[in-house]
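Listed in order, the protein sequences are those of chains A and B.
With our numbering, the residue at position 78 of the first sequence is 94, and numbering never jumps.
With our numbering, the residue at position 39 of the second sequence is 49, and numbering never jumps.
Cβ coordinates follow ideal geometry from the N, Cα and C atoms, glycine included.
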Amino acid sequence: MSKPKFVYVTYIRTTPEKLWSALTDPQTIRKYWFGITAECDWKPGSPWNLKFEDGRTADAGEILESVPPKRLVIHWQNQFKPELKAAGYTRCTMEIEIAEYYPNHDAKAVKLTITHEAETELGGPMIEAVSGGWPKIMSNIKSLLETGDVTFQK
Amino acid sequence: MTEAHSWDVPDAILKGGQSGWPAILSNLKSVLETGKPLVLAQMGPPPGMAEAVKQAVAEKPWLR
Numbered sequence: 017m018s019k020p021k022f023v024y025v026t027y028i029r030t031t032p033e034k035l036w037s038a039l040t041d042p043q044t045i046r047k048y049w050f051g052i053t054a055e056c057d058w059k060p061g062s063p064w065n066l067k068f069e070d071g072r073t074a075d076a077g078e079i080l081e082s083v084p085p086k087r088l089v090i091h092w093q094n095q096f097k098p099e100l101k102a103a104g105y106t107r108c109t110m111e112i113e114i115a116e117y118y119p120n121h122d123a124k125a126v127k128l129t130i131t132h133e134a135e136t137e138l139g140g141p142m143i144e145a146v147s148g149g150w151p152k153i154m155s156n157i158k159s160l161l162e163t164g165d166v167t168f169q170k
Numbered sequence: 011m012t013e014a015h016s017w018d019v020p021d022a023i024l025k026g027g028q029s030g031w032p033a034i035l036s037n038l039k040s041v042l043e044t045g046k047p048l049v050l051a052q053m054g055p056p057p058g059m060a061e062a063v064k065q066a067v068a069e070k071p072w073l074r
């Protein structure tokens with residue numbers, strides 16, 4: 017049995033620097049993540065927490081890798097649902113690239129790849145849960161960066 | 011939007027969809043929300059895909 021994994025790819029009309037900022041700035045995260053935001057200094061080894069608006073911790077972990085504006089790896093465990101917390105740690109990798117088909121690097125769009133994988137075979141429920149969330153969050157990030165507004169408020 | 015296949019598609023063919031659909035759907039979303047597509051050059055099929063399609067059609071005439 018293999019470890020459950022979720023992969024999502026989207027292309028956004030923005031720059032790697034602006035996308036990195038959207039992925040790491042607490043005020044921007046709150047706009048596209050349905051009120052949830054992150055508390056983190058985004059340095060390797062630092063603690064990472066996702067917080068609900070009321071201050072409860074949604075998810076927690078640490079930064080495994082951080083290479084602005086290209087690559088972020090988060091060690092990630094759910095905290096607020098016992099059945100998801102029991103699924104153990106997952107690893108979320110966010111990769112930002114210049115869209116590969118540009119003939120030169122005068123890019124007007126970037127490719128964002130989210131790979132969220134379980135660390136053990138017990139991680140299925142957590143990967144299933146994030147598989148429902150990531151498409152909405154990614155849609156919102158793309159809309160926010162391209163139009164200034166999000167698709168889903170909640 | 012979700013898409014699915016009704017037969018056991020070989021990896022070499024799936025790679026075409028895996029690289030193509032995210033670009034197409036991202037473009038569709040940009041056109042609908044901003045009126046402008048992303049500036050994307052033509053993407054070719056990934057290595058080995060054309061051969062895998064030929065082989066699949068030869069082995070499964072109902073795919074024609």
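Any beta carbon of chain B sitting closer than 7 Å to that of residue i?
| i | result |
| --- | --- |
| Glu144/A | no |
| Tyr48/A | no |
| Glu113/A | no |
| Tyr105/A | no |
| Arg87/A | no |
| His121/A | Its pLDDT being 49, under 50, His121/A is placed unreliably in this model, and the value from its coordinates should be taken loosely. It does not; no Cβ of chain B falls within 7 Å. |
| Arg72/A | no |
| Lys124/A | yes |
| Thr31/A | no |
| Val166/A | no |
| Ser147/A | no |
| Val25/A | yes |
Between residue i and residue j, how many whole angstroms is the CB-CB distance? I'm expecting something under 8 Å.
| i | j | result |
| --- | --- | --- |
| Glu111/A | Thr129/A | 4 Å |
| Phe50/A | Ser147/A | That belief does not hold up - the Cβ atoms of Phe50/A and Ser147/A are roughly 16 Å apart, past 8 Å. |
Under 6 Å Cβ to Cβ from residue i, same chain only, skipping five residues before and after it: list those, please.
| i | result |
| --- | --- |
| Trp17/B | none |
| Pro20/A | Ala134, Gly139, Gly140, Ile143 |
| Ala102/A | none |
Between the C-alpha atoms of residue i and residue j, what's the straight-line distance to the nearest angstrom?
| i | j | result |
| --- | --- | --- |
| Asn156/A | Ile28/A | 11 Å |
| His15/B | Ser62/A | 42 Å |
| Pro60/A | Thr53/A | 19 Å |
| His132/A | Gln95/A | 17 Å |
| Ala99/B | Lys47/A | It is not possible to answer for residue 99/B, since the shown part of chain B is limited to 11 through 74. |
| Asp41/A | Ser18/A | 34 Å |
| Thr106/A | Glu113/A | 23 Å |
| Val126/A | Gln43/A | 22 Å |
| Ser82/A | Val89/A | 7 Å |
| Val41/B | Ala68/B | 38 Å |
| Ile79/A | Leu73/B | 47 Å |
| Thr44/B | Trp31/B | 19 Å |
| Ile45/A | Gly58/B | 40 Å |
| Lys124/A | Phe168/A | 25 Å |
| Trp58/A | Thr26/A | 22 Å |
| Cys108/A | Lys158/A | 19 Å |
| Ala76/A | Pro71/B | 52 Å |
For a cutoff of 7 Å on Cβ pairs, would you count residue i as touching chain A?
| i | result |
| --- | --- |
| Pro32/B | yes |
| Thr12/B | no |
| Val41/B | no |
| Ser16/B | no |
| Leu48/B | yes |
For residue i, I'd like the list of residues in its chain whose CB is within less than 7 Å of its CB, leaving aside the five on either flank, ordered along the chain.
| i | result |
| --- | --- |
| Tyr24/A | Ile130, Trp150, Pro151, Met154 |
| Pro20/B | Ala62, Ala66 |
| Lys56/B | Strictly speaking, residue 56/B in this sequence is Pro, with Lys absent from that position. Excluding sequence neighbours, Pro56/B sits near Lys25, Gly26, Ser29. |
Quick one: what's got a C-beta closer than 8 Å to residue i's C-beta in the same chain, skipping five residues either side?
| i | result |
| --- | --- |
| Leu161/A | Ile28, Arg29, Thr30, Lys34, Leu35, Ala38 |
| Glu61/B | Ala22 |
| Thr73/A | Asn65, Leu66, Lys67, Gln95, Phe96 |
| Gly104/A | Gln93, Ala134, Glu135, Thr136, Leu138, Gly139, Met142 |
| Glu99/A | Pro141 |
* Are at least three pairs of beta-carbons, each pair with one atom in the stretch 66 to 81 of chain A and one in the stretch 22 to 29 of chain B, less than 8 Å apart? -> Not touching, per the Cβ criterion.
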